[in-house]
Amino acid sequence: PDAMTDSVRRTVEPGRKPSAPVANELLLRLYETMLRIRRFEETVADLFAKGDIKGAAHSYAGQEAVAAGACAALQKGDFVGSYHRGHGHCIAKGARVDRMLAELEGKATGYCHGLGGSMHVADLELNILGANGIVGATMPLGTGAALASKLRGSGEVSIAFFGDGASNQGVFHESMNLASVWKLPMVFICENNQYALSTAITGTTSVPQIAMRAAGYSMPGITIDGNDAVEVHNIVGEAIERARRGEGPTLIEAMTWRHLGHSLRVNLKDPRPEADREAWALRDPLILIKERMADAGVADAEVSAIDDQIAAEIEAAIAFGQSSPEPEDALLDRAVYAPHIAHAEPASHGTRELTYGEALNEALAQEMERDETVFVMGEDIGDIGGVFQVTKGLYERFGPDRIRETPISESTFCGAGVGAAIAGMRPVVEVQIFDFVTLMMDMLVNQAAKFRFMNGGTGKVPVVIRGPQGGGIRMAAQHSQSLEAWFQHIPGLVVIAPSTPYDAKGLLAAAIRDDNPVVFLEHKMLYL
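Throughout, the working numbering is defined as the position within the sequence shown, counted from one, plus 114.
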């Protein structure tokens with residue numbers, strides 16, 4: 115302990131008890147996963163240097179214990195959301211290294227058919243929501259997946275992995291609050307490797323340990339040794355079981371250290387002190403797990419067999435990637451939009467007269483009655499029925515779970531809608547005044563609109579973002595804009611602005627049934 119630098123001492127305090135011993139079977143499983151990640155990342159670095167992998171790639175080497183320990187405690191149906199350094203999370207959740215490598219090389223056989231690359235690799239069949247190039251974005255999306263699980267009563271837990279820098283994003287605080295208020299089955303795991311691209315956490319973060327922030331959101335928070343896979347497994351396992359029991363979310367801060375710089379593409383001097391790097395090298399996660407296996411009496415032959423198996427997997431993955439074809443142009447035909455559902459025109463329009471707001475209200479009610487995956491969320495939409503009364507009476511009819519009032523956290527409740535849609539629900543997110551959509555732009559433009567494309571045309575995001583826009587009723591400049599032109603320029607979004615009650619009812623029903631993200635604009639003057 116006396117030789118440890120400050121960054122290591124924050125992780126492993128002198129006299130700290132080691133985590134409890136575990137069965138040899140788990141030790142071998144953790145070692146296999148960690149070694150697979152390490153060898154994969156070494157291969158990626160080599161192929162990047164040769165030019166076979168282009169663009170950007172962010173190595174997970176050095177942090178393997180977090181992904182391996184956490185994912186070993188999950189069930190197959192549980193959700194995982196990742197960030198730009200996400201290779202390890204995908205592999206630990208069960209993704210194949212050959213398809214992973216093919217994806218990084220931009221090949222058609224990759225998980226996203228070459229359209230996602232390093233920062234967006236995902237396998238939706240394993241409920242991996244995907245890596246994400248936007249810092250902190252995985253938290254609202256993961257919160258939405260947890261909300262979907264709670265609404266269905268299906269028992270899945272959602273984990274959001276993120277780096278220490280993301281804890282200073284607004285969506286970190288909004289997501290923690292939302293998950294706590296709704297007691298969602300959620301685990302937030304901060305992989306604190308103590309540096310952003312070049313800036314130390316000590317100069318950017320107001321608390322000495324990120325886990326301290328959990329106290330502000332009435333949830334447990336704990337800082338753990340992120341290089342000890344057994345400790346990660348045990349602590350995350352407890353948080354998962356707590357979430358599965360309906361007791362709400364947990365924040366876990368795993369102290370760790372990345373071996374390489376921020377990105378393989380960045381040719382900058384490593385700003386981290388040499389003494390810190392040397393101290394953390396002694397605590398390499400693979401060194402620690404080997405020490406544990408030796409103490410537990412794991413046979414050398416079992417370890418060697420895993421080494422040989424991983425070496426063969428990596429060689430096969432390299433060959434698979436090299437022999438795989440480039441994606442064909444025809445892929446783009448289905449990559450941006452999911453197919454729209456055809457709707458028959460009724461024989462007559464009927465004779466009933468409805469106001470614009472009544473027509474929207476009926477469409478919501480009929481779709482919620484027809485499909486239990488449809489729910490509505492937004493600010494003040496419950497007891498008072500929304501500012502413009504579009505949800506009037508629905509709270510009493512469908513209850514607080516399906517007419518779900520949100521905190522004033524536009525970015526995160528929009529992101530939760532996107533995440534819930536990815537996880538199989540059909541959310542309708544009300545924007546109280548459409549000018550406030552500016553606070554939702556990342557979740558709409560970088561997440562909802564691009565999700566299907568980044569996953570090679572395999573994902574669906576059936577979410578409707580609706581609300582009142584426009585002027586005419588003297589609500590001043592920040593409550594009166596018409597912003598449809600912004601969204602019409604975004605591939606992946608469907609934009610609808612009905613002008614009559616008849617169109618409003620039919621188009622809202624069609625929007626809810628569509629498998630694409632829909633921006634549904636309702637001019638305030640039409641409510642009158």
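Just so it is clear, CB atoms sit at the ideal spot from N, CA and C, and this is done for glycine as well.
Boundaries of the beta strand (DSSP E) in which residue i is found, first to last residue
| i | result |
| --- | --- |
| residue 503 | Note, residue 503: premise wrong, no beta strand (DSSP E); not H, not E. |
| residue 583 | 578–583 |
| residue 290 | No beta strand (DSSP E) holds residue 290; the alpha helix (DSSP H) holding it covers 284–295. |
| residue 543 | 540–544 |
| residue 364 | 364–369 |
| residue 610 | 608–610 |
| residue 350 | That residue, residue 350, is in no beta strand (DSSP E); its alpha helix (DSSP H) goes 343–358. |
| residue 507 | Looking at the DSSP string, residue 507 is not in any beta strand (DSSP E), and its letter there is neither H nor E. |
Exposure of residue i, with buried meaning 16 or more beta-carbon neighbours within 10 Å
| i | result |
| --- | --- |
| residue 613 | exposed |
| residue 639 | exposed |
| residue 359 | exposed |
| residue 436 | exposed |
| residue 198 | buried |
| residue 540 | buried |
| residue 575 | buried |
| residue 267 | exposed |
| residue 561 | buried |
| residue 465 | exposed |
| residue 137 | exposed |
| residue 408 | exposed |
| residue 385 | exposed |
| residue 321 | exposed |
| residue 131 | Any reading at residue 131 must be qualified, since the residue scores a pLDDT of 47, below 50, and its modelled position is unreliable; the value itself is stated next. By the neighbour-count rule (16 or more Cβ atoms within 10 Å), residue 131 is not buried but exposed. |
| residue 339 | buried |
| residue 402 | buried |
Close beta carbons around residue i, own chain, < 6 Å, minus the five adjacent residues each side
| i | result |
| --- | --- |
| residue 581 | 544, 545 and 548 |
| residue 634 | 578, 580, 610 and 625 |
| residue 317 | none |
| residue 455 | 627 |
| residue 594 | 585 |
| residue 237 | 209 and 225 |
| residue 629 | 452, 574 and 576 |
| residue 200 | 245 |
7 Å CB neighbourhood of residue i in its chain, flanking five on each side removed
| i | result |
| --- | --- |
| residue 602 | 609 |
| residue 301 | 271, 273, 350, 353, 354, 357, 363, 364 and 366 |
Opening and closing residue of the alpha helix (DSSP H) in which residue i lies
| i | result |
| --- | --- |
| residue 148 | 138–164 |
| residue 446 | 446–449 |
| residue 528 | 524–536 |
| residue 492 | Looking at the DSSP string, residue 492 is not in any alpha helix (DSSP H); the run it does join, the beta strand (DSSP E), is 488–492. |
| residue 215 | 211–218 |
| residue 626 | 615–627 |
Beta-carbon proximity list for residue i, same chain, < 8 Å, skipping 5 on both sides
| i | result |
| --- | --- |
| residue 509 | 495, 496, 497, 499 and 517 |
| residue 678 | Since the displayed the chain opens at 115 and closes at 642, residue 678 lies outside it and no answer follows. |
* Which whole runs of the beta strand (DSSP E) in the segment 173–205 are 3 residues long or more, in chain order? -> 193–195
* To do: For the segment 234–245 and the segment 326–336, state whether three or more C-beta atom pairs, one from each stretch, are separated by less than 8 Å.
  => no
* To do: Decide if the segment 353–367 is in contact with the segment 389–397; the criterion is three or more beta carbon pairs, one per stretch, under 8 Å apart.
  => no
* Asked: Below 8 Å, can you find three or more Cβ-Cβ pairs linking the segment 367–378 to the segment 206–214?
  -> no
* To do: Pick out the complete beta strand (DSSP E) segments inside the segment 253–336, 3 residues or longer, and give them in chain order.
  => 272–277 and 300–306
* To do: Can you check the segment 376–405 for any alpha helix (DSSP H) of at least 4 residues that lies completely inside it and give the ranges in chain order?
  => 388–395
* What runs of the alpha helix (DSSP H), each 4 residues or longer, lie entirely inside the segment 418–478? -> 446–449
* **the segment 252–259 in contact with the segment 272–290 per 3-pair CB rule at 8 Å** => yes
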